[in-house]
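Read the structure below first, then the notes.
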Amino acid sequence: MNTALARLNTIFAFTLSVMAGLTFLCFLSTFFNEHKADVSINTAKVIVKNVPDYSAGREKNDLGFIKLNQVVVWDKIIRRGENSILDYRKANTKYYFWDFGNGLRGNKNVTLSLSWNVIPNAGTLPKIMGTGQHKIEFPAEYSPNRFQ
Amino acid sequence: MDIAKYLPECIKKIPTHMDFAGQQKAERMFQTIILSFATVGLVWGYICQQFSQTMYILITGFVISCLLTLPPWPMFRKTSLKWQKARPEPEEVGSTTAPVQKSKKKKN
């Protein structure tokens with residue numbers, strides 16, 4: 001503490017300790033938060049089309065499957081301070097269902113649900129599944145219209 | 149290399165030290181400043197739910213305490229030590245180093 005450098009060292013170390021304490025308090029203030037929310041999903045018109053896939057070459061390719069029968073069809077990032085009450089009407093699918101065969105047509109067991117993470121400044125990363133689901137069925141016939 | 153002797157007299161006169169009471173005062177001062185800024189920042193950050201605000205307020209406290217306690221301001225030099233009077237120089241100038249003592253261990 002007798003030289004300016006020694007004082008700078010002490011002040012800096014003390015500030016870092018206080019910063020660590022503040023971060024822990026921030027973690028404590030978010031640890032007991034209840035993140036559950038109600039979700040209501042509806043679908044209007046469900047169509048399925050049979051389209052060619054030009055994304056791969058003409059040669060035969062390998063295709064791997066895992067038996068996790070779950071895909072992400074929509075997502076959104078909400079930053080702190082932005083409106084977190086989502087009210088969408090007439091929204092389209094963001095990422096389409098895609099089956100590398102013909103498994104979508106006539107599929108009667110498709111469930112839409114909404115899950116989310118809350119990314120913290122400090123602490124745990126909660127994974128929450130909203131209460132509320134919506135079950136849809138894909139039609140048994142392919143949609144003939146290209147632009148529908 | 150000692151650059152002190154090349155400095156002009158007006159720069160050498162600037163006091164750079166802090167006395168013991170001043171050091172204690174400086175430490176108490178920056179601890180108080182940083183802790184109070186941290187408390188205010190935590191409350192404000194909790195109110196507006198932005199942890200970054202807490203960090204900004206804490207860094208403000210860090211800068212303020214640096215400005216207040218890093219330079220040896222005159223308020224940290226109020227209680228100077230009372231030294232005894234210098235003894236008169238002895239006439240015989242002896243060697244300043246202590247005489248080398250013989251090691252007590254004997255080699256076998």
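Taken in order, these protein sequences are the chains called W and B.
Everything in the first sequence is counted per this note's numbering, starting at 1 for the first residue and increasing by one.
Everything in the second sequence is counted per this note's numbering, starting at 149 for the first residue and increasing by one.
Glycine is no exception: its CB is placed at the ideal position from the N, C-alpha and C atoms.
- For B/Leu183, the residues of chain W that pass the 8 angstroms Cβ criterion are Val18, in the order they occur in the chain.
- For W/Ser29, no beta strand (DSSP E) run applies; the uninterrupted alpha helix (DSSP H) run containing it begins and ends at 4 to 31, by DSSP.
- In the displayed model, B/Leu218 falls within coil according to three-state DSSP, outside both helix and strand.
- Proximity to W/Gln70 across W/Glu34, W/Asn109, W/Tyr88, W/Lys45 peaks at W/Asn109, based on C-alpha coordinates.
- Burial is judged here by how many other beta carbons sit within 10 angstroms of a residue's own beta carbon; B/Met223 has fewer than 16 and is exposed.
- In terms of beta-carbon proximity, W/Ala122 lines the interface with chain B, with at least one pair separated by less than 9 angstroms.
- Annotated three-state conformation of B/Ile212 is helix, per DSSP.
- By the beta-carbon neighbour count (other beta carbons within 10 angstroms, threshold 16), B/Ala186 is buried.
- Fewer than three Cβ pairs drawn from the stretch 210 to 227 of chain B and the stretch 31 to 44 of chain W lie within less than 8 angstroms of each other, which leaves the two stretches out of contact.
- With respect to W/Tyr95, W/Val73 sits close: the two C-beta atoms are nearer than 9 angstroms.
- For W/Trp116, the CB contacts under 6 angstroms within the same chain, skipping 5 residues up- and downstream, are Ile128 in chain order.
- Residue burial is scored here from C-beta neighbours: W/Pro52 has fewer than 16 other C-beta atoms within 10 angstroms and is therefore classed as exposed.
- Sequence-distant Cβ neighbours of B/Gln171 in its own chain, meaning closer than 8 angstroms and more than five residues away, are Phe224.
- Where B/Thr180 is concerned, the enclosing alpha helix (DSSP H) starts and stops at 168 to 196.
- With a threshold of 9 angstroms between beta carbons, B/Met203 makes contact with chain W.
- The alpha-carbon of B/Gly193 is positioned some 38 angstroms away from that of W/Thr93.
- With contacts defined as CB atoms closer than 9 angstroms, B/Gln198 and W/Gly81 qualify as a contacting pair.
- Nearest to W/Pro139 by alpha-carbon distance, out of W/Val118, W/Leu104, W/Pro120, is W/Leu104.
- Look at B/Met223: its C-beta is not under 9 angstroms from any C-beta on chain W.
- Within the same chain, Ile205 come within 8 angstroms of B/Val188 by CB-CB distance, once the 5 residues on both sides are set aside.
- For the stretch 10 to 36 of chain W, the set of positions with a beta-carbon nearer than 9 angstroms to some beta-carbon of chain B reads Thr10, Ile11, Phe12, Phe14, Thr15, Val18, Met19, Gly21, Leu22, Thr23, Leu25, Cys26, Ser29 in chain order.
- Contact between B/Leu216 and B/Met177 is confirmed by a C-beta separation of about 6 angstroms, below the 8 angstroms threshold.
- DSSP lists no beta-bridge partner residue for W/Asn50.
- Interface criterion met: the Cβ of W/Arg80 is under 9 angstroms from a Cβ in chain B.
- Exposed is the label assigned to B/Ala152, since fewer than 16 other Cβ atoms lie within 10 Å of its Cβ.
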